Each structure stands twice: as C-alpha cells, then as structure tokens.
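Visitor: Note that the protein sequences, when read in sequence, are chains B and G. Quick note on this note's numbering: the first sequence kicks off at 1 and runs consecutively. Quick note on this note's numbering: the second sequence kicks off at 1001 and runs consecutively. Quick reminder that beta carbons are idealized off the backbone N, C-alpha and C, glycines included. All values reported here derive from a predicted model rather than from experimental measurement. Just dropping this structure here.
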Amino acid sequence: MTTKKFMMVNRKAPYGTVYALESLEVVLIAAAFEQDVSLAFLDDGVYQLKKGHQTKGIEMKGFEKTYGALEDYDVTKLYVDQESMAARGLTADDLCVPVEVMSRAELGKMMEEQDVVLSF
Amino acid sequence: MKFSILINEGPYTHQASDSAYQFAKSVLAKGHEIFRIFFYHDGVNNATRLTTPPQDDRNIVNRWSKLAEEHKLDMVVCVAAAQRRGIVDEGEAKRNGKDATNLAPGFRISGLGQLIEAGIQADRMVTFGD
Chain B
1 MTTKKFMMVN
11 RKAPYGTVYA
21 LESLEVVLIA
31 AAFEQDVSLA
41 FLDDGVYQLK
51 KGHQTKGIEM
61 KGFEKTYGAL
71 EDYDVTKLYV
81 DQESMAARGL
91 TADDLCVPVE
101 VMSRAELGKM
111 MEEQDVVLSF
Chain G
1001 MKFSILINEG
1011 PYTHQASDSA
1021 YQFAKSVLAK
1031 GHEIFRIFFY
1041 HDGVNNATRL
1051 TTPPQDDRNI
1061 VNRWSKLAEE
1071 HKLDMVVCVA
1081 AAQRRGIVDE
1091 GEAKRNGKDA
1101 TNLAPGFRIS
1111 GLGQLIEAGI
1121 QADRMVTFGD
C-alpha cells in the first residue's frame, strides 16, 4: 500500500467538543493502514496532552491514556506549538507524553511536508 | 486532479456542508475527479432523508443525493459517528435492533478506513468544518 504523510492537527480542548477524541480514532486507523502519522497540537489543543484529565464530574470517558498508548502503534511524532503552550502557562513538563516542542515557523514547515493534513 | 472531501459539520447550523457542495460542483465542472466524500462528526447529519426544510430554503440532503446520482459519487458516512447520532441504514437497523432507517439515497455507511483510503488515493484532501 502507498504510504503517505498524514498529520492530524489538534486545535481544541479535549472535552468541550468531540474532535479530540475523534482525532485519536483517525490516528489509530491511519496507523493500522501503516501510514506515516504525526500529530500537531496548537491553540487550546495543547490542553489535550495536559497531565491529569479528570472526567468523572462531566460524565465523559477520559482518553488521556490513549496518548500514552500511541507509541504501541508506532505513532511517536507528537509536535507541540511553543507559543500556544506559553500563552496557557504550560511547559513540556505539564504534558502526559514526551513531545517535540517547536516554534510556529517550524510547525508550518512540518505541515508543508505532509501529503494529508486533517484538522480537528 | 483527484480530490477527496471531508465534511465535519452538520447541515444548516454551519456553512461547511454548503461550501463543500459548491466546491464539489465546481471541481466536477472543471473536469476533475472526486474519489470520495466522507461525512464525519456532526457531518453525518447531512445523510438523513427525513430532513424537511421550509420550501423556500435549500434541501441540503436532497442536493447531495442528486449530485451523487448525477456524477456517481461515493459518499461515505462514518459508522461510529452515525450510530451515535441515529443515522441508520437497513444493515445497521438490523444489527442494532432499530425500528426504522433514515439514510438518504447515494450515501453508504462505512468505517474510518475509508477516510484514510480517501487520503491515500486522492491528490488533494479538502476539509470543510472548523
């Protein structure tokens, strides 16, 4: 099968909308199709990776653990926008998985290299 | 050029489906090919044939069905998103014990693999939604 570079761009907080959860679904399917998958986190999307999701009060299924399991699917390219983190008072230490922190310009360059960019 | 289209928002609230429709029509008019149109998240609500807008408004669902028939388009609705939102074809009704179906003509229900394949096969994947 043809391998293409897929990037899922995550821009929204984890539980206010369904997009973060669905993005993970697409990531897992793309990995199952043996595609070259990466995830970018920017704007409120950086909150998706913040340690310590507590979802009991909102009666939603938590999915923080899924980010930690991505490695098992050979998905290891996680890129986080430095500016988005800084604007929200976060550093890489606040995140639940190892990531590559990069500037907007670097992130833009990564996007340019992709075959398919899906924004959630 | 070969396009795939991803629609992430439902009809009438959001312009995504309208814009995607205009885009699809233009793509075809210019002689390009559409490999697949994939409906995801609330976008699956574009596929219910029970939609009844006021007479002076556009019928977004029928419009998609007609375009699909005219151009033999492959319009796929994400199964998990459809199940959550009550978009049902005969197979799904049987499997899940539902007493009705509402999938509009020209649409079919399938899995996310169809979205990934659409990305692989097309020269460009164009997303409509936020």
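In chain order, what are the residue ranges of uninterrupted alpha helix (DSSP H) at least 4 long that sit wholly in the stretch 39-84 of chain B?
Guide: List check, alpha helix (DSSP H) in window: 64-69.
Visitor: Leaving out five residues on either side along the sequence, give the residues of the same chain with a beta carbon under 8 Å from the beta carbon of G/Arg1124.
Guide: On the second sequence, residue 1124 of chain G is found 124 positions in, with the first residue counted as 1. These residues qualify, in order along the chain: Met1001, Lys1002, Phe1003 and Ser1004.
Visitor: Return helix, strand or coil for G/Phe1023, following the three-state DSSP convention.
Guide: In the second sequence, residue 1023 of chain G corresponds to position 23, counting from 1. Helix at G/Phe1023.
Visitor: Only counting the same chain, and skipping five residues up and downstream in sequence, which positions put a Cβ closer than 7 Å to that of B/Val97?
Guide: As a position in the first sequence, residue 97 of chain B is number 97, starting the count at 1. The answer, listed in chain order, is Leu49, Tyr67, Gly68 and Leu78.
Visitor: Determine whether the Cβ of G/Thr986 lies closer than 7 Å to any Cβ atom of chain B.
Guide: The question about residue 986 of chain G has no answer here: the residues shown for chain G are numbered 1001 through 1130.
Visitor: Using 8 Å as the Cβ pair cut-off and three pairs as the minimum, do the stretch 32-46 of chain B and the stretch 1019-1029 of chain G touch?
Guide: No: fewer than three Cβ pairs fall under 8 Å.
Visitor: What are the start and end residues of the alpha helix (DSSP H) that includes G/Asn1096?
Guide: Position 96 of the second sequence, counting from 1, holds the residue named residue 1096 of chain G. Note, G/Asn1096: alpha helix (DSSP H), Glu1090 to Asn1096.
Visitor: Could you check whether the Cβ of B/Glu113 sits closer than 6 Å to any heavy atom belonging to the ligand MN?
Guide: As for the ligand MN, it is missing from this structure, which has no ligand bound.
Visitor: Are G/Ile1109 and G/Ala1082 close, meaning C-beta to C-beta below 7 Å?
Guide: As a first step, residue 1109 of chain G must be located in the second sequence, where it is residue number 109. As a first step, residue 1082 of chain G must be located in the second sequence, where it is residue number 82. Contact: yes.
Visitor: Against chain B, does G/Gly1091 count as a neighbour if the rule is that its beta carbon must be under 7 Å from one of theirs?
Guide: Stepping through the second sequence from its first residue, residue 1091 of chain G is reached at position 91. Chain B, which has no Cβ nearer than 7 Å to the Cβ of G/Gly1091, makes this no.
Visitor: On a CA-only basis, which of B/Gln82, B/Glu106, B/Thr2 and B/Pro14 is nearest B/Lys51? Give me that one, please.
Guide: As a first step, residue 51 of chain B must be located in the first sequence, where it is residue number 51. For the residues B/Gln82, B/Glu106, B/Thr2 and B/Pro14, the minimum Cα distance to B/Lys51 belongs to B/Pro14.
Visitor: Which residues in chain B have a C-beta closer than 7 Å to the C-beta of G/Ile1116? List them in chain order.
Guide: Here residue 1116 of chain G refers to the residue found at position 116 when the second sequence is read from its first residue. The contacting residues are Ile29, Ala30, Phe33 and Gln35.
Visitor: Using 8 Å as the cut-off, can you tell me whether the stretch 1112-1128 of chain G makes contact with the stretch 4-20 of chain B, which would need three or more C-beta pairs spanning the two stretches below that distance?
Guide: Verdict: yes, contact present.
Visitor: Would you mind giving the Cβ-Cβ distance between B/Val71 and B/His53, rounded to the nearest angstrom? I have them listed as a contact below 8 Å.
Guide: As a first step, residue 71 of chain B is located in the first sequence; it is residue number 71 there, counting from the start. As a first step, residue 53 of chain B is located in the first sequence; it is residue number 53 there, counting from the start. Here residue 71 of chain B turns out to be Glu, not Val, going by the sequence shown. So it is not a contact: roughly 18 Å between Cβ atoms.
Visitor: If you reduce the DSSP assignment to three classes, tell me which class G/Asn1102 lands in.
Guide: Position 102 of the second sequence, counted from the start, is the residue given in the question as residue 1102 of chain G. It is coil, neither helix nor strand.
Visitor: Count the CB pairs spanning the stretch 99-106 of chain B and the stretch 1089-1102 of chain G that are closer than 8 Å, and state whether there are at least three.
Guide: The stretch 99-106 of chain B is not in contact with the stretch 1089-1102 of chain G.
Visitor: Mark G/Gln1114 as exposed unless 16 or more other C-beta atoms lie within 10 angstroms of its C-beta, in which case mark it buried.
Guide: Sequence index remark: in the second sequence, residue 1114 of chain G carries index 114 (1-based). It counts as buried.
Visitor: Among B/Glu106, B/Thr17, B/Leu42 and B/Lys109, which one has its Cα closest to the Cα of B/Met60?
Guide: Sequence index remark: in the first sequence, residue 60 of chain B carries index 60 (1-based). If we check each option's Cα against that of B/Met60, B/Thr17 comes out closest.
Visitor: Using the Cβ count rule (16 or more neighbours within 10 Å means buried), how would you classify B/Gly108?
Guide: Taking the first residue of the first sequence as 1, we reach residue 108 of chain B at position 108. Exposed, by the Cβ-count rule.
Visitor: Take B/Thr91 and list the residues in its own chain whose beta-carbon comes closer than 7 Å to its own, dropping the five residues that flank it on each side.
Guide: Against the first sequence, residue 91 of chain B aligns to sequence position 91. Met85, listed in sequence order.
Visitor: Out of G/Leu1006, G/Trp1064 and G/Gly1010, which one is the CA nearest neighbour of G/Ala1072?
Guide: Locating residue 1072 of chain G in the second sequence gives position 72, counting from the first residue. Here residue 1072 of chain G is Lys; the residue named in the question, Ala, does not match the sequence. Here the closest residue by C-alpha is G/Trp1064.
Visitor: Helix, strand or coil for B/Leu107, going by three-state DSSP, please let me know.
Guide: Locating residue 107 of chain B in the first sequence gives position 107, where the first residue counts as 1. Three-state DSSP puts B/Leu107 in a helix.
Visitor: Among the residues of its own chain, which have a CB less than 7 Å from the CB of B/Asp94, if the five just before and after it don't count?
Guide: Mapped onto the first sequence, residue 94 of chain B falls at position 94. Counting only Cβ-Cβ distances below 7 Å, and skipping sequence neighbours, we find Lys50 and Lys51.
Visitor: Please identify, using Cβ separations under 9 Å, the residues of the stretch 1031-1051 of chain G that lie next to chain B, in order along the chain.
Guide: Per Cβ criterion, the list reads Tyr1040, His1041 and Asp1042.
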